[in-house]
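The working numbering numbers the first residue of the sequence shown as 149 and each following residue consecutively.
Here is the structure we will look at.
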Amino acid sequence: MAAAVNPGAGQTSDDTYDLIVIGAGPGGYIAAIRAAQLGQRTAIIEREWVGGVCLNVGCIPSKALLKNAEVVRHLSHADRWGIKIDGFQADYGLAVDRSRQVVGRLVKGVEFLMRKNKIQLIRGQATVPSAGRVTVGDKTYGARNILIATGARPRALPTMPFDGERILNSWQSVENRTQPGTMVIVGGGAIGCEMATVLNAYGTKVTILEAMPHLLPREDEKISQTLERSFQKQGIAFHTGVQVERATNTGSAVEVVYKSGDASHTLVVDRCLVAVSVQPNTEGLGLEALGVATERGYIKVDERMATSVAGIWAIGDVTNTPYALAHVASAEGVLAAEAIAGHDTRPIKYADVPRPTFCFPQVASIGLTEKQAREAGYDVKIGEVPYAASGKSLANDETEGLVKLVVDGKYGEILGAHLIGAEATELLAQVAPFRTLEGTTHELGEIMVAHPTLSELVKEAALAAQGHALGI
């Protein structure tokens, strides 16, 4: 792959920059900030949303809705806490309004960071007529290096076309203020499971259709099975190993047809969310004419995020790197900015990317699943502890879940960690450094953690892998 063009060279005019970033999402704006910190004269171009998909119609609004759902869930079981409520009303539209307020505050925060770091924010559609030049409207800017951070968007399927009314993509779903009475979610990945959690809490009858054998199919099988049991108890219906043939807006409903084996089934619901695939935003940039290499439409990059054309770099969901996650894009942005500035860099260890899903119960993982570790030839040991073994879990009335460590039996190295339960996405940070630094269960088990906390579950799992758990 190509290298940076004259990294750190001085500016030549007001319209020439050391770096122009195209796309102000969590990869792009972080890259711009890091480049500015390193003395690069930096501009960032955004055609639609400062903060990108994550902040505006993805990670952030969905988490705000999930918090609302958590409150509703607690209120629905107030009697378990010794609180009597003679009926209450949960307004889904107001929950969406609150999520948009959160988004608005964070967008202003990102815009402030651009001003603070003296990064020029340019609004409009960017094209790259040649390496070293970027055009927005009728104006052309010079750039010693160009970083593509344009992300991806939901992929429309011919048999399930988005109409923004009854057949929705994930972006449309988080902005829609109208709560459906019934809903089919096509795709049992993170987005599907999170939106199922939200709508189920508000009383929507949800059915998930997933092509793979389990929900969250990339997770450890024990975790997926635990989530499926929980969803069944919550009243969230799902069918796995099925093929959705079509979704049709009939005007008054959505007709969803799917096959399970040789049998065909039809569901008639108020709304359908299609959350199965994304496509990279490369159209209109002019990259093909420049000879930028792609793979299935995604920009090919090397370990420094350089493309096949000198001076053009790419990060985030628009690239062929393994994970379409905001924190991965941000890490790639920092790496690219430092490489462009001429610094030594270390490749991202994609095998150690933390993977959170904020459904109820939460799911979080890092590293190898048990199946992957065994297939790789490791002498696998498992350290597993149920949430019910924790005093804090009992006090919180949140005993559903488990912590599972996948361990190399020869050296005790932690190969993977898989959690499901309350605050699992936060607990993952306790074990992630040990995976990244190739730490062992002995080292993790030696750390003193406060009592009573959920953190004790992680330590106990490390001890369980060594055969001397103290609390189970």
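All C-beta atoms in this analysis are idealised placements derived from N, C-alpha and C, irrespective of residue type, glycine included.
Membership of S400 in any alpha helix (DSSP H) is not indicated, and neither H nor E is assigned to it by DSSP. With a cutoff of 8 Å on beta-carbon distance, G337 and A212 are scored as not near each other. Taking a cut-off of 8 Å for Cβ pairs, the segment 198-205 and the segment 247-267 touch, as three or more such pairs fall below it. Counting only runs of at least 3 residues, the segment 348-411 fully encloses the following beta strand (DSSP E) elements, listed from N- to C-terminal order: 353-358, 385-388, 391-397, 402-408. When rounded, the separation of the alpha-carbon atoms in D227 and V390 is 39 Å. Taking 8 Å as the cut-off, the beta carbon of C420 is found closer than this to the beta carbon of I315. Beta-bridge partners of W197 (DSSP): none assigned.
The residues T288, Y289, G290, A291, in chain order, have a CB closer than 8 Å to that of R281 in the same chain once the five nearest residues on each side in sequence are set aside. For K448, no alpha helix (DSSP H) run applies, since DSSP gives it neither H nor E. In the three-state scheme derived from DSSP, where H, G and I count as helix and E and B as strand, E532 is classed as strand. Counted as a single uninterrupted DSSP element, the stretch harbouring N317 is not any beta strand (DSSP E), since DSSP gives it neither H nor E.
Segment contact: the segment 360-377 against the segment 219-238, fewer than three CB-CB distances shorter than 8 Å; contact not assigned. Within its own chain, the residues whose Cβ lies closer than 7 Å to the Cβ of S425, once the five positions on either side in sequence are excluded, are R303, listed in chain order.
Within the same chain, and ignoring the five residues on either side of G409 in sequence, no residue has its Cβ closer than 6 Å to its Cβ. With respect to the C-alpha of L483, the residue from N468, I168, G464 having the closest C-alpha is G464.
For R271, the uninterrupted beta strand (DSSP E) run begins and ends at 268-271, by DSSP. Between the segment 577-595 and the segment 533-549 there are fewer than three inter-stretch CB-CB distances shorter than 8 Å, so the stretches are not counted as touching. When the Cα atoms are used, Q373 and Q249 turn out to be separated by approximately 36 Å.
For V551, the enclosing beta strand (DSSP E) covers residues 550-556. Using a Cβ distance threshold of 8 Å, D166 and R189 count as a contacting pair. In this structure, DSSP gives G615 a state outside helix and strand, which the three-state scheme calls coil. Of the residues A570, T298, V528, the one whose Cα lies closest to the Cα of L542 is A570. The beta carbon of G299 is closer than 7 Å to those of G171, G173, G200, V201, N429, G464, D465, V466 in its chain, skipping five residues each way along the sequence. For L421, the beta-bridge partners assigned by DSSP are L316, I333.
Non-local C-beta neighbours of L433 in its own chain, meaning closer than 8 Å and more than five positions away in sequence, comprise I170, A274, T275, V276, I296, T298, ordered along the chain. In this structure the segment 496-507 touches the segment 333-353; the number of beta carbon pairs closer than 8 Å is three or more. Between G252 and the set P209, G515, N293, H491, the nearest pair of CA atoms involves P209.
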